[in-house]
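Chemist:
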Amino acid sequence: MSTLINGLHHVTAIAGDTHRNVDFYRHVLGLRLLKKTVNFDAPDVYHLYYGDETGSPGSIYTSFPYGNIPRGRKGVGQLTYTAFSVPVAGMSFWLDRLHEFQIAYAGPNKRFDEMYVRFEDYDGMGIELVFTDADNRPGYSNGQITPENAIRGFHTVTLEQLKPERTVELLTGVMQHRLVAEESGLFRYEAGVGGSGRYVDIHVSPNPVRALQGAGSVHHVAFSTDTDETQLIIQQQLAEAGYQVTPVQDRNYFHSIYFREPGGVLFEVATNPPGFAIDEAPESLGTSLMLPPQYEARRAQLEKVLPEIN
Numbered sequence: 031m032s033t034l035i036n037g038l039h040h041v042t043a044i045a046g047d048t049h050r051n052v053d054f055y056r057h058v059l060g061l062r063l064l065k066k067t068v069n070f071d072a073p074d075v076y077h078l079y080y081g082d083e084t085g086s087p088g089s090i091y092t093s094f095p096y097g098n099i100p101r102g103r104k105g106v107g108q109l110t111y112t113a114f115s116v117p118v119a120g121m122s123f124w125l126d127r128l129h130e131f132q133i134a135y136a137g138p139n140k141r142f143d144e145m146y147v148r149f150e151d152y153d154g155m156g157i158e159l160v161f162t163d164a165d166n167r168p169g170y171s172n173g174q175i176t177p178e179n180a181i182r183g184f185h186t187v188t189l190e191q192l193k194p195e196r197t198v199e200l201l202t203g204v205m206q207h208r209l210v211a212e213e214s215g216l217f218r219y220e221a222g223v224g225g226s227g228r229y230v231d232i233h234v235s236p237n238p239v240r241a242l243q244g245a246g247s248v249h250h251v252a253f254s255t256d257t258d259e260t261q262l263i264i265q266q267q268l269a270e271a272g273y274q275v276t277p278v279q280d281r282n283y284f285h286s287i288y289f290r291e292p293g294g295v296l297f298e299v300a301t302n303p304p305g306f307a308i309d310e311a312p313e314s315l316g317t318s319l320m321l322p323p324q325y326e327a328r329r330a331q332l333e334k335v336l337p338e339i340n
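Just so we're aligned, residue 31 is where the sequence shown starts under my numbering, counting upward by one.
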């Protein structure tokens, strides 16, 4: 069987204040601000992209900062924790850094033979750092965090589920994941060649409280596919399996299809090309407001509404 799903592509979250969002992901975590664009469905709201130096699939964290909105609530039917991969030798650096920025954390704790810490961003978004030397991706240095300590990209995402059977059926079927580990109600699945950036953890929750979306909650998780052709194959397979999958959406930097998995989490399958250098030089990524063609005529109006990012 040919590989259609490689692993994770990006995670998109709902945020509050724009400046606090940029400060946390660009300054505290040291990710690169790759793209300043707008929410294609609500252009008076930014869509901010963060990641490694080039925005490699599996490193891309994105935010919709809506300003003064209520916080969400963690619960079942939600992606509750997004984990990033960092080298084992960087553990003391990161614990010191979290302490420096007065960010409370839990851990280090052990899970599947790896140490990790858990904390929240300024909106309450669940974040983890997993310390592993099995990730050979290069780290991006923001000038304050050395490449040796820098985040490599995603490690895993955790889905909180009450009855995960149908979600597991989807993951191990059309989504081409396989079960690789389990412990204490936590089940790990991997796609493609496996390893960091290709894991999905399902936590079977004893608490039936449903999640509420708001600031600090995940809007959707996207999985990587190589081409438009492989995306169309997945789209057809999902439709044949009974899922209400959208037509292909052009997101400028990738093409997307969306559907909701049985547990309630919004899934996306995104193509790897064309990438973030399609409208900005690689060395200038994230420095200008880049608008999709349908909103270019409204640039002056949007620039007045959107907060200035230095």
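Virtual Cβ for every residue (Gly too), placed ideally from N, Cα, C.
Name the two residues that bound the continuous beta strand (DSSP E) containing residue 216.
Modeler: It spans 216–220 - the beta strand (DSSP E) in which residue 216 sits, taken as one unbroken run.
Chemist: Return the first residue and the last residue of the alpha helix (DSSP H) that residue 122 is part of.
Modeler: From DSSP, the alpha helix (DSSP H) with residue 122 extends over 121–130.
Chemist: Decide if the region 112–126 is in contact with the region 175–185; the criterion is three or more beta carbon pairs, one per stretch, under 8 Å apart.
Modeler: Short answer: they touch.
Chemist: What three-state label does DSSP hand residue 108 in the structure shown?
Modeler: DSSP places residue 108 in strand when its eight states are reduced to three.
Chemist: Can you have a look at residue 178 and say buried or exposed, based on whether 16 or more other CB atoms are within 10 angstroms of its CB?
Modeler: Classification for residue 178: exposed.
Chemist: Could you spell out where the alpha helix (DSSP H) holding residue 334 opens and where it closes?
Modeler: Element bounds for residue 334: 329–335.
Chemist: To which residues does DSSP link residue 300 through a beta bridge?
Modeler: Residue 300 is bridged to 254 and 286.
Chemist: Would you report the Cα separation of residue 313 and residue 307, rounded to the nearest angstrom?
Modeler: Between residue 313 and residue 307, the C-alpha separation is close to 9 Å.
Chemist: Within a Cβ cutoff of 6 Å, which residues of the same chain sit near residue 124, ignoring the five residues on either side of it in sequence?
Modeler: Excluding residues within five positions, the ones whose Cβ falls inside 6 Å are 159.
Chemist: Can you give the Cα-Cα distance for residue 204 and residue 164, rounded to whole angstroms?
Modeler: Approximately 27 Å, taken between the alpha carbons.
Chemist: Classify residue 131 as buried or exposed, calling it buried when 16 or more other Cβ atoms lie within 10 Å of its own Cβ.
Modeler: Exposed.
Chemist: I need the straight-line Cα distance from residue 220 to residue 37, nearest angstrom please.
Modeler: Going by the C-alpha atoms only, they are around 7 Å apart.
Chemist: From 268, 46, 230 and 61, pick the residue whose C-alpha is nearest to that of residue 246; which is it?
Modeler: Comparing Cα positions, the closest option is 46.
Chemist: Please classify residue 315: does DSSP put it in a helix, a strand, or coil?
Modeler: In the structure shown, residue 315 sits in coil (DSSP, three-state: anything other than H, G, I, E or B).
Chemist: If the criterion is Cβ atoms closer than 8 Å, does the pair residue 209 and residue 231 meet it?
Modeler: Going by C-beta atoms, residue 209 is not nearer than 8 Å to residue 231.
Chemist: Okay, do the region 190–198 and the region 286–294 touch, 3+ Cβ pairs below 8 Å being the bar?
Modeler: Touching, yes.
Chemist: Could you tell me which residues DSSP pairs with residue 273 in its beta bridges?
Modeler: Bridge partners of residue 273: none, in fact.
Chemist: Which value, in whole angstroms, describes the spacing of the CA atoms of residue 253 and residue 287?
Modeler: Going by the C-alpha atoms only, they are around 10 Å apart.
Chemist: Give me the residue from 99, 57 and 81 with the minimum Cα distance to residue 243.
Modeler: Taking only the C-alpha atoms, the option nearest residue 243 is 99.
Chemist: Taking only runs of the beta strand (DSSP E) that begin and end inside the region 178–244, which ones reach a length of at least 3 residues, in chain order?
Modeler: Counting only runs of 3 or more, we get 183–191, 208–213, 216–220 and 229–234.
Chemist: Classify residue 174 as helix, strand or coil using the three-state DSSP reduction.
Modeler: Residue 174: coil per DSSP, three-state reduction.
Chemist: Within 10 angstroms of the Cβ of residue 240, are there 16 or more other Cβ atoms? Answer buried if so, exposed if not.
Modeler: Exposed is the call here.
Chemist: Give the range of the beta strand (DSSP E) segment to which residue 62 is assigned.
Modeler: Its beta strand (DSSP E) spans residues 62–69.
Chemist: With respect to the alpha helix (DSSP H) encompassing residue 50, which residues constitute its N-terminal and C-terminal limits?
Modeler: Element bounds for residue 50: 48–52.
Chemist: Leaving out five residues on either side along the sequence, give the residues of the same chain with a beta carbon under 6 Å from the beta carbon of residue 93.
Modeler: So the list reads 43, 45, 51 and 78, once near-sequence residues are dropped.
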